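Trainee:
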Amino acid sequence: MYSSVERLRTTKQCIVQGTLETFYVMVVLSGKGSIASEGEALPVRKGDTVFVPASLEELLVTGDLEILLVKI
């Protein structure tokens, strides 16, 4: 088992592909927008931290955001 960290930057929208084996911690470094999955959107802004379960295969990230994406 290993973890990885990447920086995600979007000004409109992007899709984050998950796996059923890995969960995520998403830390919003700057901006505001939303993170959506299965038709439900969660508003986020600078300073927010979101825990994403491994059961979600795809996330739609929308807005002007910079996010630290930690895969565990």
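All the letters of the sequence shown, read from the start, carry residue numbers 286 to 357 under the working numbering. Even for Gly, the Cβ is constructed at its ideal location relative to N, Cα and C. Just so we're clear, the structure is a prediction, and the values are computed from it rather than from any experiment.
DSSP beta-bridge partners for Ile300?
Mentor: Leu345
Trainee: Report yes if the C-beta distance between Ile352 and Leu293 is below 7 Å; otherwise report no.
Mentor: yes
Trainee: How is the beta strand (DSSP E) around Tyr287 delimited, first residue to last?
Mentor: From DSSP, Tyr287 is part of no beta strand (DSSP E); its letter is neither H nor E.
Trainee: Would you kindly work out how many angstroms separate the C-alpha atoms of Ser288 and Glu306, rounded to a whole number?
Mentor: 12 Å
Trainee: Given this structure, state the Cα-to-Cα distance separating Leu345 from Leu314, to the nearest angstrom.
Mentor: 17 Å
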